[in-house]
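For reference, the structure discussed in these notes is given below.
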Amino acid sequence: MKNLGQLKADYIVNNLTAFCPGCGNGMILNCFVRAVDDLGWNVDDILCVSGIGCSSWIPSPHFRGDTLHTTHGRALAFATGAKVFNPSLKTVVFTGDGDGAGIGGNHLIHAARRNIGLTCILVNNFNYAMTGGQIAPTTLHDSKTSTSPYGNPEQPFDIAKLVAAAGATYVAKWTTNHVLELTGSMKEAMQNPGFSFIEVLSQCPTQQRNILNVRAPAQELPSRLLDMLAESTYIVDREERKNYFYIVLVGEPEAAIKGVERAIGDTGKVRLVDHLTLGRVARVDATDIEAAKARLGIPEVKRIADAHEGKQEIGVFVRKQRTEYTEALREIGRRARGEQ
Amino acid sequence: MLKSGKHLVLGNIACAEGTLRVGCRLFAGYPITPANEITEYMSGELPKVGGYFLQMEDEIASIAACIGGSWAGAKPMTATSGPGFSLMQENLSYAHMTETPLVVVDVQRSGPSTGQSTDASQQDFYQARYGAHGDYEVIAISPWSAQEMFDLTVRAFNLAEQYRTPVYFLADGMIGHIREELTVPEDVEIVNRKSPSGPNVTPFGTDDPSLVPEMPKFGQGYRLQVTGSSHRPNGVRDYSPKVHADKVRRIMKKITQAEPKIRDVAKVDIDDAEVAVISFGASARPSYGAVKKLREEGIKAGLLRLKTLWPFPEDEITNLSGKVDAILVVEMNAGKLIREVQRVACGQTKIASLTRLGGVTPTQGDIAQELRRLVQ
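Residue numbers (this note's numbering), protein chains in the order written: chain A, 11 to 350; chain B, 1233 to 1608.
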């Protein structure tokens, strides 16, 4: 495996980066160029298309291949024209939750429906980060954002399921805490002949501090958020031990957890974790979770949540084959010319 | 495709024939009246000649696919009408910024909004010029017959390729749906964009006096950075005042300095005219009849018909306004071309406006009567 310096020399243009410290986009770029390198693809055959928003800066101006940095939400439509006219272009679209599922949601479902042979990587940071942290179609219900100061009245999309329903032939969802799985998934997606879609839940220290209410010093935020992404997801079809549960605490978590520790004693291990939907909660790992729960009739406990409550399912959801769009267009051409 | 020779065809079909002859091999569109015949015809003919017809999910996607396709090496085209043209404007601004050659056919219909969706108008005169955000110059073309739907479509593609710019083909519902004789020539002139001359190309800047840079395509190893953000000649994003201003000035100047070469007007009885009509497209047809009628009556009338609307042919208007006693501007809208004529004529001569709304042109009789009044 190449080290970062070699990867940078081979695949990255030396431009100033626009990413904030601790952003997940650099990790996703790292996964992408590792996938390209592992596949042995020639960068001159790769076209990266992106729209508007933080994630659209992953390939442009960083990737040392052809890049087309387009308008807000329309990257897939631009990519469709290029891919159709030159199907040999290995085309990868980078988009975000606002770009791809908000303003560009229509193009997303139609690209999936056509099964056009390109890979779409959608970075979901639960908000419009570049413009200041407004409500996105992925923002969780009740989240406070710069346009939902009293809590978000809307409900979020499950984008991966939406794209799967629209007909994509490869659909996966990972987080920036799953870089090996994500890299492997990118390789699989980029080799799929049809429309491949990967949603990546990503940390955004700049905005998620507020919208996910994770309060920590700036230098600790990225790792806190990365841990949160792992804590708040589980991998589909993977056998997972469920000998743990969460406690939603009353009052200040740092104070309340002391009471929980005393109550649990040596029947389990207690620590504070960040959870996407439950907030800052106590996680209790115990060999006998019923015995541990029985000790929790204390005022610090608001309620107990099961291991999977409020979590998002990640993993690979769809692997199937059906006619790819540019191939179907070539078939139409043969039919029109009477070649069969 | 039609064989060379004479045919009786719909204006929209003549347009589609022109696109096929000039080498358009990518069409991305969305259904809209009165442009549908172009879209349908392209779906039947493009696959026969190795091209691709895409029916996209909306007009925004249609023009986006054209831009992406153009950078992959296609001569792309879309066909629409006023509402679809409005939806395209943001991406057209992108096409101007990235200097992407393509052709948009707008078979104009009567608005605002859905208006008279099946009837003609010339209401997009300014939408073509000022529809999108930012500073840019456009080339817009206006046909008045089925033959010009063919000939000027060919020219539209050649101008797009020569100047690396979107070109707007402003037909209207009448000319699109007129059924007339079309002579298809054996060959048409074909202009191709400047392909890269060597390994080191600046795709967004040039020392060439034409100010039109060479244009590589995706997959050639040029590692293109194409962006709608302000950028240096090599494509790298740069927001500094000078880089932005230089870019915008150049993409404007490459069109304005070529205006004499782009300009195309038709003159009927104009040399000794004392009163002149200025018109374009469908409304130029009754204008032509009115001018001929007045000549029979001994009144020295003439017609200046604009085949290129933008860049605005200012010299022609200046010359004419210095020569004639009065100008009548005839158009199918509430008065748009008249504003440009007034601006350029600067009060040198009397200028009157004759407009019709409702999907109809002013009649030959109306125009003749107005001209008689002007020369009294």
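Note that the Cβ used here is the ideal one computed from N, Cα and C, for glycine as well.
Proximity of residue 1447 of chain B and residue 1495 of chain B at Cβ, strictly below 8 Å:
Translated into positions along the second sequence, residue 1447 of chain B becomes position 215. Translated into positions along the second sequence, residue 1495 of chain B becomes position 263. No; because the gap between Cβ atoms is not below 8 Å, this pair is not in contact.
Could you pull the DSSP bridge partners for residue 1293 of chain B from this structure?
If you number the second sequence from 1, residue 1293 of chain B lands on position 61. DSSP, once it has assigned bridges, lists no residue as partnering residue 1293 of chain B.
For chain B, find out if any of its Cβ atoms is closer than 8 Å to the Cβ of residue 234 of chain A; answer yes or no.
Here residue 234 of chain A refers to the residue found at position 224 when the first sequence is read from its first residue. Answer no: the Cβ-Cβ gap between residue 234 of chain A and chain B never drops below 8 Å.
Rounded Cβ spacing between residue 1378 of chain B and residue 1370 of chain B (contact assumed at less than 8 Å)
Locating residue 1378 of chain B in the second sequence gives position 146, counting from the first residue. Locating residue 1370 of chain B in the second sequence gives position 138, counting from the first residue. Between residue 1370 of chain B and residue 1378 of chain B the Cβ distance is about 24 Å, and since that is not below 8 Å, they are no contact.
Residue 1357 of chain B CB to nearest chain A CB: under 8 Å?
Translated into the one-based positions of the second sequence, residue 1357 of chain B becomes position 125. Closer than 8 Å: no.
Within 10 Å of its beta-carbon, does residue 1608 of chain B have 16 or more other beta-carbons around it, so buried, or fewer, so exposed?
Residue mapping note: residue 1608 of chain B aligns to position 376 of the second sequence, counting from 1. Exposed, since its Cβ has fewer than 16 Cβ neighbours within 10 Å.
For the segment 136-152 of chain A against the segment 300-312 of chain A, are there 3 or more C-beta pairs whose distance is under 8 Å?
no
Taking the alpha-carbon positions, what's the residue 1441 of chain B to residue 39 of chain A distance?
For the purposes of this step, residue 1441 of chain B is taken as residue 209 along the second sequence, with counting starting at 1. For the purposes of this step, residue 39 of chain A is taken as residue 29 along the first sequence, with counting starting at 1. Near 40 Å, if we compare the C-alpha coordinates of residue 39 of chain A and residue 1441 of chain B.
Residue 78 of chain A and residue 114 of chain A - do their beta-carbons sit closer together than 8 Å?
Taking the first sequence and counting its residues from 1, the one referred to as residue 114 of chain A is at position 104. Taking the first sequence and counting its residues from 1, the one referred to as residue 78 of chain A is at position 68. No.
How is the alpha helix (DSSP H) around residue 1408 of chain B delimited, first residue to last?
As a working note, residue 1408 of chain B is residue 176 in the second sequence. Its alpha helix (DSSP H) spans residues 1405-1409.
Anything in chain B within Cβ reach of residue 131 of chain A, meaning under 7 Å, just list it in chain order.
One-based indexing of the first sequence puts residue 131 of chain A at position 121. The premise fails here: residue 131 of chain A is roughly 17 Å from chain B at the closest Cβ pair, so nothing lies under 7 Å.
Amino acids of chain B, ordered along the chain, whose beta-carbon sits closer than 8 Å to that of residue 91 of chain A
The sequence position of residue 91 of chain A within the first sequence is 81, counting from 1. In chain order: 1258, 1260, 1286, 1296, 1297, 1298, 1299, 1300, 1301, 1302, 1304, 1306 and 1308.
Taking the alpha-carbon positions, what's the residue 1597 of chain B to residue 1244 of chain B distance?
Position 365 of the second sequence, counted from the start, is the residue given in the question as residue 1597 of chain B. Position 12 of the second sequence, counted from the start, is the residue given in the question as residue 1244 of chain B. Taking the straight line joining both Cα atoms gives about 28 Å.
Tell me the residue span of the beta strand (DSSP E) that contains residue 183 of chain A.
Working through the first sequence from its first residue, we reach residue 183 of chain A at position 173. Note, residue 183 of chain A: beta strand (DSSP E), 180-185.
What residue range is occupied by the uninterrupted beta strand (DSSP E) comprising residue 1309 of chain B?
As a position in the second sequence, residue 1309 of chain B is number 77, starting the count at 1. Per DSSP, residue 1309 of chain B belongs to the beta strand (DSSP E) from 1308-1312.
Spatial distance of residue 189 of chain A from residue 21 of chain A (CA atoms)
Translated into the one-based positions of the first sequence, residue 189 of chain A becomes position 179. Translated into the one-based positions of the first sequence, residue 21 of chain A becomes position 11. The alpha-carbon atoms of residue 189 of chain A and residue 21 of chain A are separated by roughly 18 Å.
With 8 Å as the C-beta to C-beta threshold (strictly closer), list the residues of the segment 146-170 of chain A near chain B in chain order.
none
Mind checking residue 1561 of chain B: buried by the 16 CB within 10 Å criterion, or exposed?
The sequence position of residue 1561 of chain B within the second sequence is 329, counting from 1. Buried: at least 16 other Cβ atoms inside 10 Å.
Measure the alpha-carbon distance for residue 1405 of chain B versus residue 1520 of chain B and round it to whole angstroms.
Position 173 of the second sequence, counted from the start, is the residue given in the question as residue 1405 of chain B. Position 288 of the second sequence, counted from the start, is the residue given in the question as residue 1520 of chain B. Cα-Cα distance, rounded: 19 Å.
Give the DSSP-derived three-state secondary structure of residue 1486 of chain B in the structure shown.
Working through the second sequence from its first residue, we reach residue 1486 of chain B at position 254. It is helical.
For the alpha helix (DSSP H) holding residue 193 of chain A, just list the boundary residues, first then last.
Within the first sequence, numbered from 1, the residue matching residue 193 of chain A stands at position 183. Taken as a continuous stretch (DSSP letters only), the alpha helix (DSSP H) holding residue 193 of chain A covers 189-201.
Find the nearest neighbour of residue 181 of chain A within the set A/163, A/207, A/160 and A/277, judged by alpha-carbon distance.
Sequence index remark: in the first sequence, residue 181 of chain A carries index 171 (1-based). Minimum Cα distance to residue 181 of chain A is reached at A/207.
Can you name the start and end residues of the alpha helix (DSSP H) that residue 341 of chain A belongs to?
The residue labelled residue 341 of chain A in the question sits at position 331 within the first sequence. Looking at the DSSP string, the run of the alpha helix (DSSP H) that includes residue 341 of chain A is 335-346.
Residue 29 of chain A CB to nearest chain B CB: under 8 Å?
Taking the first residue of the first sequence as 1, we reach residue 29 of chain A at position 19. Chain B contact via Cβ: absent.
Shorter than 8 Å from the beta carbon of residue 80 of chain A to some beta carbon of chain B?
One-based indexing of the first sequence puts residue 80 of chain A at position 70. With 8 Å as the cut-off, residue 80 of chain A counts as an interface residue toward chain B.
Where residue 1542 of chain B sits in the DSSP three-state scheme:
Walking along the second sequence from the start, residue 1542 of chain B turns up at place 310. Three-state result, residue 1542 of chain B: strand.
Residue 1383 of chain B burial status per 10 Å Cβ neighbour count (16 or more: buried)
Numbered from 1 along the second sequence, position 151 holds the residue referred to as residue 1383 of chain B. Buried, by the Cβ-count rule.
Spatial neighbours of residue 1242 of chain B in its chain, beta-carbon cut-off 8 Å, leaving aside the 5 residues before and after
Along the second sequence, one-based indexing puts residue 1242 of chain B at 10. Once the five neighbours on either side are set aside, the close Cβ partners of residue 1242 of chain B are 1269, 1378, 1408, 1409, 1410 and 1411.
DSSP beta-bridge partners for residue 241 of chain A?
What you label residue 241 of chain A is simply residue 231 of the first sequence in a count that begins at 1. According to DSSP, which records beta bridges pairwise, residue 241 of chain A is partnered with nothing at all.
Counting contacts by CB-CB distance shorter than 8 Å, is residue 54 of chain A in contact with chain B?
As a first step, residue 54 of chain A must be located in the first sequence, where it is residue number 44. Interface residue, yes.
My guess is that residue 311 of chain A and residue 260 of chain A are in contact by the Cβ rule of under 8 Å, so how many angstroms apart are they, rounded?
Position 301 of the first sequence, counted from the start, is the residue given in the question as residue 311 of chain A. Position 250 of the first sequence, counted from the start, is the residue given in the question as residue 260 of chain A. Right, their Cβ atoms sit about 7 Å apart.
Is residue 144 of chain A closer than 8 Å to residue 34 of chain A when the C-beta atoms are compared?
Here residue 34 of chain A refers to the residue found at position 24 when the first sequence is read from its first residue. Here residue 144 of chain A refers to the residue found at position 134 when the first sequence is read from its first residue. No, these two residues do not count as a Cβ contact at 8 Å.
Just reading off the alpha helix (DSSP H) that residue 77 of chain A is part of, what are its end residues?
Taking the first sequence and counting its residues from 1, the one referred to as residue 77 of chain A is at position 67. Per DSSP, residue 77 of chain A belongs to no alpha helix (DSSP H); it is in the beta strand (DSSP E), 76-79.
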